[in-house]
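Before any comments, here is the structure.
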Amino acid sequence: MDSEDLRLAVYRTFAATGREPGPAELAAQLRTGTDEVGVGLRELAAQRHVVLDDDGRIVMAHPFSAVPLGFSVMGRDTLWWGGCAWDSFALPHLLPDQGEMLVATRCPGCDRPHAWNVGTSSPPPGDQVAHFHTPAARMWDDVIRTCAHQRLFCGRECVTDWASRKGTEPGYIMDLSTLWRFAAGWYEGRLDRGYVRRDPATAADYMRSCGLSGSFWGL
Ligand SMILES: [Zn+2]
Ligand SMILES: [Zn+2]
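Position in the sequence shown counted from 1, then plus 9, gives you this note's numbering.
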C-alpha cells in the first residue's frame, strides 16, 4: 500500500464526511488489510500527517479533528469538529466549494458564545482575539493539548482572566484578520497528491508574511 494513497484516503474522508475513517473503511477503500493500514497510519503519524491515540485511532489530520476541541464548523452540507482556532479558520480555505462556513465556539475566559461566517475573500468582522498558548517549537510535544489551547476569546481581558485562573502566563495574541491570513494558506495542498510539508525556512517566511513575529513563533 502506498502511504500517499493512505494519507489521501484519510484527508478526503474527513473532508467529505466530517469524520475520521476507521481502519476497516480504509482497508476496504485501499483494497488491503487492516494490519497494513495500522502500519501505514503509524508511518503517517511519525511524519506528522496524522495524530493517533493509544489504540491507533485517528484523532487529528490537521486541520481536521475527530474530537471536539472547542469549535464546530458548518459548511454547506457538512459539519466538522474545527480543531483549534487556526484549524477552524483554515477549513473554509481548504474546502472552498463548501462556501462560507459558520465557525462557532465559546470564549474560554467567560463562556460567551461567538460565531463568524468565514469565507475565502476577506477576514470576518469582529474584535475578538485568538490566543496561542504553546510556543511553535513545542507545539508537537503534545499536539492535541496544543490545539486545545489555541482558542478564540472576547478580547485580551478574557485571555488574562483565563490565564490567571489557570495559573499560567498568556501566550501569543492575534486579531481575527491576522488569524484568517495565517490560516488561509497554511494547509494548502493537503487534499492533493504529492503534498510536502513546509521546511522550517519556508514556514518562517509564511509566518512573517502573515504579520507574525517574535520568539514565540521561532522568528
Ligand atoms: Zn470572554
Ligand atoms: Zn490546531
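Think of the CB as a built atom: it goes at the ideal place given N, C-alpha and C, for glycine as much as any other residue.
How far does the beta strand (DSSP E) with residue i in it reach, from first residue to last?
i	result
residue 38	Residue 38 -> not in any beta strand (DSSP E); alpha helix (DSSP H) instead, spanning 32-39.
residue 123	122-127
residue 161	159-162
Thinking residue i and residue j are a contact (beta carbons under 8 Å), I'd like their distance in whole angstroms, please.
i	j	result
residue 123	residue 137	6 Å
residue 200	residue 103	7 Å
residue 145	residue 227	5 Å
residue 160	residue 209	Contact doesn't hold; Cβ gap of about 26 Å is too wide.
Could you please give me the residues that DSSP links to residue i through a beta bridge?
i	result
residue 67	61
residue 115	122
residue 181	141
residue 89	82
residue 74	69 and 90
residue 10	Residue 10 pairs with nothing; no bridge assigned.
Could you check whether the Cβ of residue i sits closer than 6 Å to any heavy atom belonging to ligand 1?
i	result
residue 160	no
residue 93	no
residue 174	no
residue 165	no
residue 121	yes
Can you give me the start and stop residues for the alpha helix (DSSP H) that residue i sits inside?
i	result
residue 48	43-55
residue 95	94-103
residue 225	Note, residue 225: premise wrong, no alpha helix (DSSP H); not H, not E.
Return yes when the C-beta of residue i is under 6 Å from any heavy atom of ligand 2, and no when it is not.
i	result
residue 96	yes
* To do: Could you pull out every unbroken alpha helix (DSSP H) segment of at least 4 residues lying fully inside the segment 181-219, listed in chain order?
  => Taken in chain order, the whole alpha helix (DSSP H) runs of length 4 or more contained in the segment 181-219 are 185-195 and 209-218.
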